[in-house]
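Protein chains in written order, with the working numbering: chain A, 1399 to 1701; chain B, 4 to 335.
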C-alpha cells in the first residue's frame, strides 16, 4: 500500500469516508467490549481518529496479506489497554476477519486483552505494562537505519502513561539519537484510571517537556481528522523525532461515556450498548448530510 | 581468589571471554548488534564496539530503555546482545525483560556481568545474588552460568545459535580453568561430568565448579568418589544427568554463587524431588547480602569454599538411607 499525498490536502469526500470509518471503528469497539464483558472503552474511543488516520488516511504503509513484510511501517500501541481500537482498525484493514472481534478476551482467541506480539497479525509489540512502547520503537527505528530501510515507526502513548520514567528515558535517547523515522503521538484525554491526570500527577507543560528532549512538537485536536492528517504529514517531513500531542476526549463519540472516567475500564452493558449504537448510527446519518455541504465548500475553495 | 582453588590454574575472567567471543561472532554475523548501558569497559562489550562501531550502541545509563530497544531491534531481525552489570540489567530491566523479550519470545541475549559476590570491594549494591532466580522465572529464557573462559566462549556462540532469549552470567575476577580448550560439544541443557564417583554428587556452576573439583579431590584422598557435574545451564536443566546422579550416587550437593532461594539449588531440588528423591544439601548465600571486601575473604566468610562443599557432602552422606556402609567407613 502506497503512502498518501504529502501535501496534506484531502477532499471532503475523503474526509467523509474517514469519518465513516471512524464511526464504524467506534461501533466495533463498543460491540466487542460489550461481548467481552470487560476492557477499556474510554481510552479506546479517544484514540479513534488518530488510529483511523494512520490506517486509512494513507499514512501507514502496510499490506494485510503480508503482516511480516520487512518494509512495512510499524505502529506500536504503547497504551496497550486501548487495544480494541487497534483490533477494530486491523480487522477493517483486512488483517483478520471482522467477525473475529467478537472473540476479544476469550480463551483460545488471538485477540488478547492487551496487545501481544505473535498473536493477531498486525500487532507489532507486546504492551500493557505502561511506558515501554517508545523504547521498542527506538529499537525498530535504529534497525531501519542500520538496514537502510525507509519504514517508519509510530508510537501511540497515553497521557497517564507519560508519568512512567521509561517514557522519558526513551524520549531523551530518541532526542539524542535523532531517528527521523519515528513519530510519537500522545492521546491526551486528560484522565487515567484513578481520576484526572492533572490531579494525580500533572504533565503540564507537556509540549515543553518533549521540546526540552529535543523533539519537534505539534499540538492538535485529536478528533479533527484534518488536523490529525496534517500533523502526521508534518511529522513525516520534519526530519527529526516528532511528537504530536493530540488533545482528545475520553469516551469520545458515546455521549454517556465522554469525559466520564467510570468507563476507563468498564465495558458497556447490553442496554448501554444499544444506546451507544443508536448514537453512532445517528452520527453516521449526520455525516451523510454534511458531505454535500462540505463538497460544495470544496468546490468553492477550488479543492 | 587463588587461595581457594589449590591445584587449579587460572585463566581469564569469563567477562573477558564474553567480549572476545562477541568480537569473533561479529565478524561472521552482521545481524549481531551489541548494546551496553555505560559499562562497556567493565562488561567487555567494548571489544565488540571497537571492532564494529556501527553495530554497537552505548545507550547511556538506561537499563530499562536498553532492554526495550533490544526488543524492537530483535523484532526487526537483529540479534541484540545487551550487557550491563547483572544486578542492573536483570533487576532494573525486569519488567522490560518480561514485556519486550520473554512474553513475545524475542531473540535477545542478555549478559549480566559482575555476577555473584566476587566483584568484592564495591559492596553488595554492585554484587548480584538474585539475578539467576529472576532470569529463571521468565518463561522461555535459557539461563547459563559458565564456569571458565573456555566454556563462556562456547556459551556465547551457543547463545547466538539458539533462537530465543538467553541470559548469560559473566564473572568479574579471573576464573580457575576447568577446561583446557573451548569445548566443541557445548550445549545448553547439557551438564558436563567432570569427575565420576559413586558416593555423592556435587552439582555446581560458575566459580563454584572449581570449589567442587577441589572438594572432590579432598574426599578422594579419604577414599570417597564424588561425582562433579558442571551444570552451567540452570534452565533448562540436564534432568537425565540429574536422575543418573541421584540413582547412582544417592546424595546431591548443589553449590552456587547466588542466594539459595530460586537459583540452581532450588531448581535442582525441584527436579530431583520429582525424578528420584535423595538427600540434598546446598552451598550458597543463605538469605543475606554480602559486603565489601576481598573476594577470597568474602567467599570464606559467606560459605562459598571447597571446605563448605566438603562439609555439605558429609551432611548428605550422614542422611543417606542406602549405601550407608560406604558412608560409615568415612568417619563422618
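The beta-carbon is built from N, C-alpha and C at its ideal position, and this holds for glycine as well.
Quick caveat, the model's predicted, so the values are computed rather than measured.
- Cβ neighbours of residue 249 of chain B within its own chain (closer than 7 Å, five residues either side excluded): 255, 275, 278, 279, 281.
- For the options A/1427, A/1586, A/1542, A/1435, the alpha carbon positioned closest to that of residue 1482 of chain A is the one of A/1427.
- Contact annotation, residue 39 of chain B with residue 78 of chain B: C-beta distance approximately 20 Å; criterion of less than 8 Å not satisfied.
- DSSP places residue 245 of chain B in the uninterrupted alpha helix (DSSP H) bounded by 242 to 252.
- Contact annotation: the region 1440 to 1452 of chain A touches the region 1472 to 1481 of chain A, with at least three C-beta pairs closer than 8 Å.
- Around the beta carbon of residue 291 of chain B, a 10 Å sphere encloses fewer than 16 other beta carbons of the protein chains shown; the residue is thus reported as exposed.
- Proximity to residue 13 of chain B across B/177, B/230, B/237, B/158 peaks at B/177, based on C-alpha coordinates.
- Spanning the alpha carbons of residue 172 of chain B and residue 117 of chain B requires a straight line of approximately 8 Å.
- Assigned with DSSP and collapsed to three states, residue 1439 of chain A falls in helix.
- Taking one beta carbon from each stretch, the region 1411 to 1426 of chain A and the region 1488 to 1499 of chain A have 3 or more pairs nearer than 8 Å; the two touch.
- With a contact defined as Cβ atoms closer than 8 Å, residue 145 of chain B and residue 169 of chain B qualify at about 4 Å.
- Contacts between residue 1567 of chain A and chain B, judged by CB atoms closer than 7 Å, involve 65, 67, 68 in chain order.
- Chain order gives the chain B residues near residue 1564 of chain A as 67, 68, 71, 99, where near means a beta carbon separation below 8 Å.
- Between residue 1553 of chain A and residue 1570 of chain A, the C-beta spacing is not below 8 Å.
- The distance from the Cβ of residue 1589 of chain A to that of residue 1648 of chain A is about 5 Å, consistent with a contact at the 8 Å cut-off.
- By the CB criterion at 8 Å, residue 119 of chain B and residue 174 of chain B fall inside the cutoff.
- Exclusion of the five residues before and after residue 1514 of chain A leaves 1524 as the residues of its chain whose Cβ lies within less than 6 Å of its Cβ.
- Following the DSSP letters along the chain, one finds residue 1611 of chain A in no beta strand (DSSP E), marked with neither H nor E.
- When the Cα atoms are used, residue 1463 of chain A and residue 1494 of chain A turn out to be separated by approximately 10 Å.
- Residues of chain B whose Cβ lies closer than 7 Å to the Cβ of residue 1538 of chain A are, in chain order, 75, 78, 79.
- Nearest to residue 1548 of chain A by alpha-carbon distance, out of A/1469, A/1522, A/1535, is A/1469.
- Assigned with DSSP and collapsed to three states, residue 120 of chain B falls in coil, not helix or strand.
- Interface annotation, residue 1561 of chain A: not in contact with chain B, CB-CB separation never under 8 Å.
- By the neighbour-count criterion, in which 16 or more other beta carbons inside 10 Å mark a residue as buried, residue 285 of chain B falls on the buried side.
- Counted as a single uninterrupted DSSP element, the beta strand (DSSP E) harbouring residue 61 of chain B occupies residues 59 to 61.
- Bridge partners of residue 1556 of chain A according to DSSP: A/1585.
- DSSP, reduced to helix, strand and coil, places residue 1512 of chain A outside both helices and strands of the structure shown, so it counts as coil.
- Against chain B, the CB of residue 1534 of chain A has a partner CB under 8 Å away; the residue lies at that interface.
- Within the region 301 to 325 of chain B, the runs of alpha helix (DSSP H) that reach at least 4 residues and sit entirely inside it are, in chain order, 309 to 322.
- Taking a contact to require three or more Cβ pairs closer than 8 Å, the region 1635 to 1650 of chain A and the region 1412 to 1422 of chain A do not qualify as touching.
- The contact set of residue 43 of chain B on chain A, defined by CB atoms closer than 9 Å, is empty, because the minimum CB distance reaches about 16 Å.
- Residue 238 of chain B sits close to residue 139 of chain B, with the two beta carbons spaced by under 8 Å.
- Residues of chain B with a Cβ closer than 8 Å to the Cβ of residue 1507 of chain A do not exist, since the nearest Cβ in that chain sits about 17 Å away.
- When Cβ-Cβ separations below 8 Å define contact, residue 1515 of chain A makes contact with chain B.
- The region 209 to 218 of chain B makes contact with the region 228 to 245 of chain B: 3 or more CB pairs, one atom from each, lie closer than 8 Å.
- Taken in chain order, the complete beta strand (DSSP E) segments of 3 or more residues contained in the region 84 to 134 of chain B are 112 to 116.
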